[in-house]
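There are 4 protein chains.
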Amino acid sequence: MTRVTVWNEYRQECTDPEVRAVYPDGIHGAIAEGLQAAGFDVRTATLDEPEHGLTQAVLDATDVLTWWGHAAHGDVDDAVVEHVYQRVLDGMGLIVLHSGHFSKIFRRLMGTSCDLKWREAGERERIWVVEPSHPIAEGLGDSFVIEREEMYGEHFDVPAPDRLVLVSWFQGGDVFRSGCCYNRGRGRIFYFRPGHETHPTYFQAEVRRVIANAATWATRPRGSRPVHGNSRPLEALEPR
Amino acid sequence: MTRVTVWNEYRQECTDPEVRAVYPDGIHGAIAEGLQAAGFDVRTATLDEPEHGLTQAVLDATDVLTWWGHAAHGDVDDAVVEHVYQRVLDGMGLIVLHSGHFSKIFRRLMGTSCDLKWREAGERERIWVVEPSHPIAEGLGDSFVIEREEMYGEHFDVPAPDRLVLVSWFQGGDVFRSGCCYNRGRGRIFYFRPGHETHPTYFQAEVRRVIANAATWATRPRGSRPVHGNSRPLEALEPR
Amino acid sequence: MTRVTVWNEYRQECTDPEVRAVYPDGIHGAIAEGLQAAGFDVRTATLDEPEHGLTQAVLDATDVLTWWGHAAHGDVDDAVVEHVYQRVLDGMGLIVLHSGHFSKIFRRLMGTSCDLKWREAGERERIWVVEPSHPIAEGLGDSFVIEREEMYGEHFDVPAPDRLVLVSWFQGGDVFRSGCCYNRGRGRIFYFRPGHETHPTYFQAEVRRVIANAATWATRPRGSRPVHGNSRPLEALEPR
Amino acid sequence: MTRVTVWNEYRQECTDPEVRAVYPDGIHGAIAEGLQAAGFDVRTATLDEPEHGLTQAVLDATDVLTWWGHAAHGDVDDAVVEHVYQRVLDGMGLIVLHSGHFSKIFRRLMGTSCDLKWREAGERERIWVVEPSHPIAEGLGDSFVIEREEMYGEHFDVPAPDRLVLVSWFQGGDVFRSGCCYNRGRGRIFYFRPGHETHPTYFQAEVRRVIANAATWATRPRGSRPVHGNSRPLEALEPR
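Take a look at the structure:
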């Protein structure tokens, strides 16, 4: 059974009544609930736990990590980021959600600014499948609607995705590459756009479906183990 | 000076007064005018000319070919398609416009159905730059608007573009990968979405800018000449 | 259980004693044996059967088709190619082997010449994993050797692979992109280089492993079903 | 005229007689000589200059930066790396050479370990063009040989290149993705493998040709300027 750790900053839910009203059990609670219902073995971890809840033991027992952060990216300890980073390169899946685009871990893995446009206007978002053959699109139909969301617009300063699966349309006139797949080292990374803290996005069935599909995709058994370094100093493979 | 041949089906302009009113000199006339103003050496060719105006001599003297067709894809002679195809693989640039997505030449080069959604409702289109570092985006700002256009929507059944430069937003709720770059053989191909025959799209400055940028991109001096076949039957490069 | 149809030209085994000595049950026999041992539900089909053994009923009951052809590409009926083509775009996996690079079906799906260099010198080939995170590389280590093979060398005139998994080194000084993944429509395509008819390549464990991995990859449950055409002529999704 | 800054660690040339014998004017001297001969406006900068010779003023006057480092990556000041990084995202071209794969700037831009295999055996390297349509391949033919070089082998732990142009064959049995293009932010990055300090690689015509081609490619005028942030807080582009 795939082991998913759902990480959340979990501060606005504690301090902002509007957010708490939407996510009384925290954003991580809503995400975890969806993944449990989809059959994953789920645990949660939050910023203000020791080591942010992401000890090496937890990471070693995690097949896929989901990441939601917003207002406190700078409070995430660099040593924890380093542990997460090494685990991703070694094969742990990573699903970065919404404002996690500015997290230390995502910026480090992307190598770019990860900047974008945004507008908080509670507008309608329609998410289109542009790569229907991808397993993350399974069961989605050709598009689905989120009634109210924060807008994120292009230009999104990330490397061109290894595969682009979803593109968002916003009522206010913007588009966004909302579902982006990356391979880095032995790990798989999925960026998924929706999920502002004042909207009940993570309770919506289609959003939960995408996250569950992504968790399955990111943990697929895979690949060979690469060998690096000066492993054969004395002789070539094909001597003459 | 880069030599561009602007190809057009040129039938609806002759038979449909609504289209003729918009493009009295043909769609090719409007496209050619824009390219001439941008400094290209332009000629035109149309379906009902002998060999559709695309003799081998014309193709050999063409650095970039633009292609607009709509209602008569089936009337394009397979032999001409073959000549165009070979020239593209040998390095001629190709810019496929709007309903040219269903042309024989584009489908042959893509290897897929090239199908899509469409709706003729004269709705607003906003075209976003998602790859601002690409030369085809030069001078565009971050988006531009076409006041009325036919809608093309996802899913667009093409191979994932080698580079995706533009994405369209439509008033009616759809998105579309509107500016798609491909390398095939030694040639460069750009698909550009706008240009329904009942809208004056090819007179608009930003649209002309994209086509001119694409013509420059598609003719960039480039590359080495590949060698194929059994060129060295008797000895290896690195004998032992 | 995944249903694989192993297609083979099966002529040289019948007419050339050197080939028959290596593949007494045909190349398809050796490939089928490997796939059966890996747990697939396998059938075979060959050129000289009616409809080349690829009736619509067979194709409809096929999850993944493997293709080996060499001397008789021109004898494959265009109608059968069309059926295979439509099935691939609709989601059937396709594994194209060795000289199948020049088959009608592969050239049609790629849209390029698919030409390459070649040399029959029975030289050593070492196949390297360049994308160890890919499921087709599972269990391979970082490289493996085929003692004697025909050389295929660059330039290989195909679209840049959606993912490049394997690169070959040849004793004689050449390299080749030997394991190339493509998504086309709803289908997945894998080109795998080795398998000249005079070498016992398809009996080798690592080669069988790659083909089995590719069959699994190409049949992964996946995606949503795209909608095309003028499905909403009267109203927009987001009317105003 | 394109302004290139050639950066070099320049320590082994000062301390190791074997290296000094090959590069009496430093590795940067040899690279700069090649670029000057190709018509670029070239300056050099080295590690032990103040700010490593890369002041903000120098970077602002640089269109393309080339980077060679090997034994002292850790001595490069993080503040200088930050300046270079920001300039690349803002459009400065970057050519990373040989052991620069482990430099701070390359690892930061790639987001991966950038690890690889290596063997110092002075073996023959043959570099193949796999993307002949790319401008970096211009004038190369289909392959060229470096008589003696250090081996770098797969797996090379970088993101899949946006375009893969060159692949190396090594006498000892290895292959390597030797010419890798990336777009990051508004900048273009090219990794080029050859150039061990004990071999006269940077005096060879084909190697100089690749570096000059890459400098031209990396400075191509290009693109639009992206807009990020909350630039339109009060109203949508398309209000209803």
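Protein chains in written order, with my numbering: chain A, 1 to 240; chain B, 1001 to 1240; chain C, 2001 to 2240; chain D, 3001 to 3240. For every residue, glycine included, the Cβ atom is placed at its ideal position computed from N, Cα and C.
Buried/exposed call for residue i, threshold 16 Cβ in 10 Å
i, result
"Asp-2078/C", "exposed"
"Glu-1138/B", "buried"
"Thr-1015/B", "exposed"
"Gln-2012/C", "buried"
"Thr-2002/C", "buried"
"Gly-93/A", "buried"
"Val-2004/C", "buried"
"Leu-2230/C", "First, the residue type needs correcting, since residue 2230/C is Asn and not Leu in the sequence shown. Exposed, since its Cβ has fewer than 16 Cβ neighbours within 10 Å."
"Gly-74/A", "exposed"
"Gln-2056/C", "exposed"
"Glu-1147/B", "exposed"
Within chain D, partners of residue i - CB distance below 7 angstroms
i, result
"Gly-100/A", "Near Gly-100/A there are no residues of chain D at all, since even the closest Cβ is about 15 angstroms away, more than 7 angstroms."
Nearest to residue i (by Cα), restricted to the options the options
i, options, result
"His-3070/D", "Asn-3008/D, Gly-3153/D and Tyr-3202/D", "Asn-3008/D"
"Asp-2157/C", "Thr-2055/C, Asn-2183/C and Arg-2107/C", "Arg-2107/C"
"Val-2165/C", "Gly-2179/C, Phe-2190/C, Tyr-2152/C and His-2052/C", "Gly-2179/C"
"Ala-3032/D", "Gly-3223/D, Pro-3226/D, Val-3207/D and Arg-3222/D", "Val-3207/D"
"Val-88/A", "Leu-65/A, Glu-13/A and Leu-237/A", "Leu-65/A"
"Arg-3184/D", "Val-1130/B, Ser-1113/B and Lys-1104/B", "Val-1130/B"
"Tyr-2182/C", "Ala-2218/C, Val-2076/C and Ala-2038/C", "Ala-2218/C"
"Ala-2038/C", "Ala-2215/C, Met-2092/C, Thr-2201/C and Leu-2140/C", "Ala-2215/C"
"Leu-1059/B", "Gly-1034/B, Val-1042/B, Glu-1149/B and Glu-1147/B", "Val-1042/B"
"Gly-172/A", "Tyr-202/A, Ala-72/A and Tyr-152/A", "Tyr-152/A"
"Pro-1135/B", "Phe-1144/B, Arg-1124/B, Phe-1190/B and Arg-1148/B", "Phe-1190/B"
"Leu-2109/C", "Glu-2120/C, Glu-2125/C, Asp-2025/C and Gln-2086/C", "Gln-2086/C"
"Cys-3114/D", "Phe-3040/D, Arg-3177/D, Arg-3020/D and Ala-3212/D", "Arg-3177/D"
Beta-carbon neighbours of residue i, restricted to chain B and to distances below 7 angstroms
i, result
"Asn-3183/D", "Ser-1133"
"Arg-3220/D", "Pro-1135"
For residue i, the first and last residue of its enclosing alpha helix (DSSP H)
i, result
"Thr-1005/B", "Here Thr-1005/B belongs to no alpha helix (DSSP H); instead the beta strand (DSSP E) covers 1003 to 1008."
"Ile-2136/C", "Premise fails: Ile-2136/C is in no alpha helix (DSSP H) and is neither H nor E."
"Tyr-2979/D", "The structure shown does not extend to residue 2979/D, since chain D spans only 3001 to 3240, so no value can be given for it."
"Glu-33/A", "26 to 37"
"Cys-114/A", "Looking at the DSSP string, Cys-114/A is not in any alpha helix (DSSP H), and its letter there is neither H nor E."
"Val-207/A", "205 to 219"
"Arg-241/A", "Chain A is shown from 1 up to 240; residue 241/A falls before or after that span and cannot be answered."
"Asp-41/A", "Here Asp-41/A belongs to no alpha helix (DSSP H); instead the beta strand (DSSP E) covers 41 to 46."
Nearest-angstrom Cβ-Cβ length linking residue i and residue j, presumed shorter than 8 angstroms
i, j, result
"Ser-168/A", "Ile-127/A", "5 angstroms"
"Arg-228/A", "Leu-3116/D", "At residue 228/A the sequence reads His, which differs from the Arg that was named. That belief holds up - the Cβ atoms of His-228/A and Leu-3116/D are roughly 6 angstroms apart, short of 8 angstroms."
"Pro-3226/D", "Pro-1132/B", "4 angstroms"
"Thr-1046/B", "Tyr-1010/B", "4 angstroms"
"Ile-27/A", "Trp-68/A", "5 angstroms"
"Gly-223/A", "Arg-186/A", "6 angstroms"
Any non-hydrogen atom of the ligand ATP closer than 8 angstroms to residue i Cβ
i, result
"Ser-1099/B", "The ligand content of the structure shown is nil, which means the ligand ATP is not present either."
Beta-carbon neighbours of residue i, restricted to chain C and to distances below 7 angstroms
i, result
"Val-227/A", "Asp-2142"
"Val-167/A", "Going along chain C, no residue has its Cβ under 7 angstroms from Val-167/A, so there is no contact; the nearest lies around 14 angstroms."
Contacts that residue i makes with chain B (C-beta to C-beta distance below 8 angstroms)
i, result
"Gly-3139/D", "Ser-1224"
"Asp-2157/C", "Leu-1089, Gly-1185, Pro-1226 and His-1228"
Chain A residues whose Cβ lies nearer than 9 angstroms to that of residue i
i, result
"Asp-1174/B", "Arg-126, Trp-128, Ser-143 and Trp-169"
Where residue i meets chain A, residues with beta-carbon distance less than 7 angstroms
i, result
"Glu-3113/D", "Just to set this straight, residue 3113/D is Ser in the shown sequence, not Glu. Near Ser-3113/D (Cβ distances below 7 angstroms), the residues of chain A are Leu-89 and Gly-185."
Minimum Cβ-Cβ distance from residue i to chain F less than 9 angstroms
i, result
"Leu-2237/C", "This model lacks chain F altogether; the protein chains it does include are A, B, C and D."
Neighbour list for residue i in chain A, Cβ cutoff strictly below 8 angstroms
i, result
"Ala-1160/B", "Glu-131, Arg-163 and Leu-164"
Residue i: contacting residues in chain C (beta-carbon distance under 9 angstroms)
i, result
"Arg-3177/D", "Val-2130, Leu-2164 and Val-2167"
"Leu-1116/B", "His-2228 and Gly-2229"
Residue interval of the beta strand (DSSP E) (run including residue i)
i, result
"Leu-59/A", "That residue, Leu-59/A, is in no beta strand (DSSP E); its alpha helix (DSSP H) goes 56 to 60."
"Tyr-1152/B", "1143 to 1153"
"Phe-3190/D", "3187 to 3192"
"Val-2165/C", "2163 to 2170"
"Thr-66/A", "64 to 68"
"Asn-2183/C", "2175 to 2184"
"Gly-3093/D", "3093 to 3097"
Partners in chain B for residue i, counting only beta-carbon separations shorter than 9 angstroms
i, result
"Arg-2108/C", "Arg-1108 and Gly-1111"
Interface residues of chain D facing residue i [CB-CB closer than 8 angstroms]
i, result
"Glu-123/A", "Ala-3236"
"Glu-2150/C", "Within 8 angstroms Cβ-Cβ: nothing; Glu-2150/C doesn't reach chain D, min ~17 angstroms."
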